[in-house]
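Since the structure comes first, as structure tokens, the remarks are kept for the end.
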DNA sequence: TCGTTGACTGTTCATTCGACCAGCGAAGCA
DNA sequence: TGCTTCGCTGGTCGAATGAACAGTCAACGA
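Laid out in structure tokens, this is it:
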């Protein structure tokens, strides 16, 4: 393996470990030593590749939010009302499956979104704003929001309803006996979400 | 003030500060020194009244989840279908208002619920299990869950959809321009939630 | 082939963490 | 009034933190 390939592979291992750690314990409670151990490297190497813990967090956020792009199916450009409703349902199902496979996204959002600081503003401008305008456009969940002013409420209702059960999977298992990581449970949640947000 | 009163008042100030701190930064990232500073006492006093950080967290969780009790209106015992639907709507509205006023509950749940450890199990058995069986009973959001097996999914959809926007209020302001702490926004979210979970 | 670059290691630094403890002084009791 | 209790302070402990550093050695370019 060339030096450049080795460098990229190592950086990738660190970012992957960082995503898991930050999602698991939040930014402040994650240590660069723990991340290094998960990636199988030394702690000094983490600050070598990513100057600071903050820079590493941005790299991790960029990667995990980037996964969302391309996962959601395109909404039809010109279609009948019925077709648009069917497409909206399929978008919602796709999002639920994504949230089940990557609960990290939800944890990054909640961890950063509750503080009015630089990391929150960076996340909004870099990762969230481009998605938000598309999700709330007509044909997405625009069918849920009765008027334009309700779009932010529909957006957070959709994200929260679709993600929480997977974000607190251990609690869900203990409280309800349902393991939300099982495929049957994921599909059941997708069914409920589609029916909730795009009723017959 | 008597010695007992002074003791209780001090303990209460510490618990209040702990709720804010734990909700703000999670358990691991909160320090007993920061909590002590918020409460206006010394750090040593925190471990004096509450033997450990873990004990303090349990006291804080007991208080904040206890607030939820008595906040939700009772569901009618014997009522017509229309009355039960109206009651379910009012329960949902009440929960949204509570989530807006106390986003700490959501943060406690997400912070503890993602790890399979003692704190999660304690939270489930002490604070969540009693509520869960009542919320998912007929007349609550039972109208949402088509069958018994869908109840856990409806439960987490309701909590997530009703809480997230308030839990990430700074992000919501930055992303959408909507301030979810304003009364008008709270009522708008309550409207959407009632319509979503108990449609016409 | 030889000098240079750069990925990586191991150590060190000041700071902060939860927990512990000796001592103080006013409230409460006899 | 004198003694005891106990809420509370201030300091200290080892452990863990993010960052910085000099040193090492193989990959690379001239």
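Protein chains in written order, with this note's numbering: chain A, 1 to 200; chain B, 1 to 200.
Every residue gets a Cβ at the ideal spot worked out from N, C-alpha and C, and that includes glycine.
Express the C-alpha separation of residue j and residue i in angstroms, rounding to a whole number.
i                      : j                      : result
residue 129 of chain A : residue 137 of chain A : 13 Å
residue 28 of chain B  : residue 40 of chain B  : 21 Å
residue 17 of chain A  : residue 59 of chain A  : 12 Å
residue 194 of chain A : residue 77 of chain B  : 31 Å
residue 30 of chain B  : residue 174 of chain A : 25 Å
residue 126 of chain B : residue 108 of chain B : 13 Å
residue 168 of chain B : residue 3 of chain B   : 41 Å
residue 172 of chain A : residue 178 of chain A : 6 Å
residue 162 of chain A : residue 7 of chain B   : 44 Å
residue 47 of chain B  : residue 133 of chain A : 48 Å
residue 5 of chain A   : residue 20 of chain A  : 23 Å
residue 160 of chain A : residue 123 of chain B : 21 Å
residue 176 of chain A : residue 196 of chain A : 21 Å
residue 84 of chain A  : residue 61 of chain A  : 31 Å
residue 117 of chain A : residue 11 of chain B  : 31 Å
residue 49 of chain B  : residue 38 of chain B  : 16 Å
residue 155 of chain B : residue 192 of chain A : 11 Å
residue 34 of chain B  : residue 115 of chain B : 24 Å
residue 182 of chain A : residue 200 of chain B : 33 Å
residue 147 of chain A : residue 106 of chain B : 28 Å
residue 198 of chain B : residue 13 of chain A  : 46 Å
residue 151 of chain A : residue 1 of chain B   : 52 Å
residue 190 of chain A : residue 190 of chain B : 23 Å
Kindly indicate which three-state DSSP category residue i falls into: helix, strand or coil?
i                      : result
residue 162 of chain A : helix
residue 102 of chain A : coil
residue 222 of chain B : Residue 222 of chain B lies beyond the range of chain B shown here (1 to 200); nothing can be said about it.
residue 10 of chain A  : helix
residue 167 of chain A : helix
residue 115 of chain B : coil
residue 86 of chain A  : helix
residue 44 of chain B  : helix
residue 177 of chain B : coil
residue 69 of chain B  : coil
residue 24 of chain B  : helix
Using beta-carbon positions only, say whether residue i and residue j come within less than 8 Å of one another.
i                      : j                      : result
residue 25 of chain B  : residue 36 of chain B  : no
residue 153 of chain B : residue 92 of chain A  : no
residue 68 of chain B  : residue 131 of chain B : yes
residue 87 of chain A  : residue 75 of chain A  : yes
residue 157 of chain A : residue 104 of chain A : no
residue 170 of chain A : residue 66 of chain B  : no
residue 101 of chain A : residue 73 of chain A  : no
residue 63 of chain A  : residue 15 of chain A  : yes
Quick check on residue i: buried or exposed, where buried means 16 or more other Cβ atoms within 10 Å of its Cβ?
i                      : result
residue 70 of chain B  : exposed
residue 120 of chain B : buried
residue 180 of chain B : buried
residue 149 of chain A : exposed
residue 79 of chain B  : exposed
residue 9 of chain A   : exposed
residue 82 of chain B  : exposed
Does the segment 45-64 of chain B come close enough to the segment 49-57 of chain A to have 3 or more Cβ pairs within less than 8 Å?
no
Are the segment 92-102 of chain A and the segment 180-191 of chain A in contact at 8 Å, needing three or more beta carbon pairs?
yes
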